[in-house]
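S.K.:
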Amino acid sequence: MECRLDGQVALVTGASSGLGEAIARLFAGAGAAVVVNYHSGAGRAADLVRRIEEDGGRAVAIGGDVADEAAVERLFDGAVAAFGAVDILVANSGLQKDAPIGSMALSDWQKVIDVNLTGQFLCARAAIRRFRAQGDRGVSRAIGKILCMSSVHETIPWAGHVNYAASKGGVALLMRSLAQEVAGERIRVNGLAPGAIRTPINEKATTGAAEEKLLGLIPYGRVGEPLDVARAALFLASDMADYLVGATLTVDGGMTLYPAFRDNG
Ligand code: BGC
């Protein structure tokens with residue numbers, strides 16, 4: 000059995016770049032019709048849809064801010080209008096607004112919590128309502144699947160990034176609590192916790208001298224690629240992972256293994 004998503008509709012938020020883009024592409028290649036949600040990257044989203052279609056896949060781009068309740072409703076309505084259903088949600092949209100605590104503006108705190116945490120709540124709620132309304136479409140063993148994009152910073156504290164770390168710590172228990180709540184309906188909720196991946200959010204940290212320093216934190220000795228995370232996402236969304244419920248796959252080259260203790264602490 001392979002990791003396939005034939006006949007299924009996957010909605011990926013924040014899919015115009017980075018991890019979301021890689022996930023959308025891989026899911027389309029695995030047979031899913033993909034809804035490419037974007038916030039500001041309309042051009043990139045359209046380009047991704049074109050590339051997916053050139054490869055023989057199906058995709059549509061739909062804009063909308065995941066932190067805006069009405070926009071999330073429109074996003075799901077648009078997905079159903081385009082492809083008739085939603086079977087998989089990848090709640091991926093996320094951003095960073097870094098600052099030391101003394102100079103972190105309330106607006107920087109709020110924005111990160113709104114997009115990274117409240118956005119996942121709104122999208123997951125819409126997806127679960129949708130799965131319930133659809134029932135069993137006969138396309139997967141579960142009636143619906145949700146992947147919550149977290150981070151190694153759901154466990155690793157991160158000075159200068161308290162808004163981001165708090166949002167991802169929140170995602171971890173949002174994910175597990177949701178998983179507990181809806182598993183009995185055959186809805187699987189799981190999470191992904193990437194480490195340092197070569198994406199736009201991480202451009203500065205993954206080039207030149209900063210990359211050298213970063214590698215000291217990664218036992219496996221390389222920065223991750225978006226495809227590393229997309230492959231884990233595909234596994235989690237597919238029936239190969241049918242018994243994974245409330246699990247987080249950490250995709251980090253060992254970053255969470257306390258590498259500073261390698262030399263006896
Ligand atoms: C952040 C990156 C960071 C990585 C590891 C990710 O969640 O978005 O900026 O490099 O965690 O620290």
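Mapping of the sequence shown onto numbering that gives the first Met the number 0: position 32 corresponds to residue 31, and the numbering continues sequentially without gaps.
All C-beta atoms, glycine included, are put in the ideal place defined by N, C-alpha and C.
1) What runs of the alpha helix (DSSP H), each 4 residues or longer, lie entirely inside the stretch 41 to 119?
2) Among Ala141, Glu153, Leu4, Arg57, which has the Cα closest to the Cα of Val244?
3) Compute the Euclidean distance between the alpha carbons of Pro258 and Ala246, then round it to the nearest angstrom.
4) Using CA atoms only, rank isn't needed, just tell me which of Lys96, Gly134, Gly28, Asp5 is closest to Glu184.
5) Does any CB atom of chain C fall closer than 8 angstroms to the CB of Pro225?
6) Taking 8 angstroms as the cut-off, decide whether the C-beta atoms of Ala229 and Ile22 are in contact.
7) Within 10 Å of its beta-carbon, does Gly143 have 16 or more other beta-carbons around it, so buried, or fewer, so exposed?
8) Count the C-beta pairs between the stretch 40 to 53 and the stretch 11 to 21 that are closer than 8 angstroms, then say yes if the count reaches three, no if not.
9) Flag this pair as yes or no: are the beta carbons of Val114 and Leu146 separated by less than 8 angstroms?
10) Tell me whether Gln179 is buried or exposed, calling it buried when 16 or more other Cβ atoms sit within 10 Å of its Cβ.
11) Within the stretch 138 to 204, note down every full alpha helix (DSSP H) run reaching 4 residues or more, in order along the chain.
12) Tell me whether His152 counts as near the ligand BGC, meaning its Cβ is closer than 7 angstroms to at least one heavy atom of that ligand.
13) Could you check whether the Cβ of Gly168 sits closer than 7 angstroms to any heavy atom belonging to the ligand BGC?
14) Does DSSP put Thr12 in a helix, in a strand, or in coil?
15) Just tell me which of Cys2, Ser15, Ile186, Ala204 has its CA closest to the CA of Ala126.
16) So which of Leu233, Thr249, Ala104 has the shortest CA-CA distance to Ala223?
17) What do you reckon, are the CB atoms on Val181 and Val170 nearer than 8 angstroms?
18) Between the alpha carbons of Arg73 and Gln7, how many angstroms are there, rounded?
19) Whose CA, out of Lys110, Gly55, Thr12, Gly77, lies closest to the CA of His38?
M.R.: Once the coordinates are examined:
1) 41 to 53, 68 to 82, 105 to 112
2) Ala141
3) Cα-Cα distance, rounded: 23 angstroms.
4) It is Gly134.
5) In the structure shown, chain C cannot be found, because there is only a single protein chain.
6) Their beta carbons are under 8 angstroms apart, which means Ala229 touches Ile22 by this criterion.
7) Its Cβ being crowded by 16 or more others within 10 Å, Gly143 is buried.
8) yes
9) No; because the gap between Cβ atoms is not below 8 angstroms, this pair is not in contact.
10) exposed
11) 161 to 181
12) yes
13) Relative to the non-hydrogen atoms of the ligand BGC, the Cβ of Gly168 never comes closer than 7 angstroms to any of them.
14) coil
15) Ile186
16) The residue you asked about is not Ala; residue 223 is Gly in the sequence shown. Of the listed residues, the one whose Cα sits closest to Gly223 is Thr249.
17) no
18) The alpha-carbon separation between Arg73 and Gln7 amounts to approximately 20 angstroms.
19) Thr12
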